[in-house]
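What follows is a single structure, written as structure tokens, with notes after it.
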Amino acid sequence: MKYFDAHLHVVSPDILLNAQGQGVRRFIVNATSPADWDQVDRLSKSVLGVYYCYGVHPWYVGNAPDDWAIRLEERLKSDQNAMVGEIGLDKMRPAYEKQKQFFLRQLQLAEKYDRAVHVHCVRAWDDILAFLSEFRDLSVLFHRFSGDEIVVQKCRFLNAYFSVLNAASIRVIPDNRLLVESDAPDGLGSPEKIPALVRQLQLDPDYLDQNFDRFFYDR
Ligand SMILES: [Zn+2]
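Residue numbers for the sequence shown follow this note's numbering, beginning at 6 and rising by one.
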């Protein structure tokens, strides 16, 4: 069986190699701030099957360096495989206005360089959807999706995919838009857990794998 992990962060290469031993072949590694962009780059070069993103997570907008957007643009310009993530809005965290500025700027860069975005949303669906309505051509992966069917309906104007690490929101997600993730090193802790998650959710790994391909190649 082939599996993927649609969302995780920087972990040691050994963890990815162990997961490969369990059949997990592809990994989407998200950055959180410029401080880990070089680590994302190194990981992508040291293990096969690593897809990767650069961005500033809403939790870390407070200590991003002033030139973060220039540096992000340089990465996107010089590497056409780089995506934009993890970005988003989180109403439970400080600096919400600043989060919005960062989110908008990163959506603009993703649009300019035609890259998918990997989105974190906590209690901010109205604002997230209002921003995204201006960027209808983007492919969007909502990670640890926690919305309801109304949110899913409202995402129809986007090329949107929804990634989960438990059964909580799975019922409202269209089958052909569903992905799975570990969110390691938090979440499930390791991408090694993905095959067990897929079994627990009673999903077909081949079907999921086609969703993953479509997210990347059918745009
Ligand atoms: Zn994450």
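We put the beta carbon where it would ideally sit given N, CA and C, even for glycine.
Please read all numbers here as calculations on a predicted model, not as lab measurements.
Taking Gly90 as reference, the option from Cys160, Asp41 and Gly192 with the minimal CA-CA separation is Asp41. Relative to ligand 1, Asp10 has its C-beta separated by 6 Å or more from all heavy atoms. Straight-line measurement puts the Cα of Lys105 at about 12 Å from the Cα of Leu137.
Boundaries of the beta strand (DSSP E) harbouring Arg30: Val29 to Val34, taken from the DSSP string.
Proximity of the region 148-160 to the region 174-186 meets the contact definition, three or more beta-carbon pairs being nearer than 8 Å.
Using a Cβ distance threshold of 7 Å, Tyr57 and Arg80 do not count as a contacting pair. In the DSSP assignment, Glu139 falls outside any beta strand (DSSP E), carrying neither H nor E. In the structure shown, Glu186 adopts coil according to DSSP, grouped into three states.
In the DSSP annotation of this structure, Ser83 is not part of any beta strand (DSSP E); the continuous alpha helix (DSSP H) holding it starts and ends at Trp73 to Ser83. The secondary-structure analysis by DSSP pairs Tyr8 across a beta bridge with Val29.
Short of 6 Å from the beta carbon of Val66, and not among the five residues preceding or following it, lie these beta carbons of its own chain, in chain order: Ala100, Lys103, Gln104 and Phe107. For Pro70, the CB contacts under 8 Å within the same chain, skipping 5 residues up- and downstream, are Pro39 and Arg76 in chain order.
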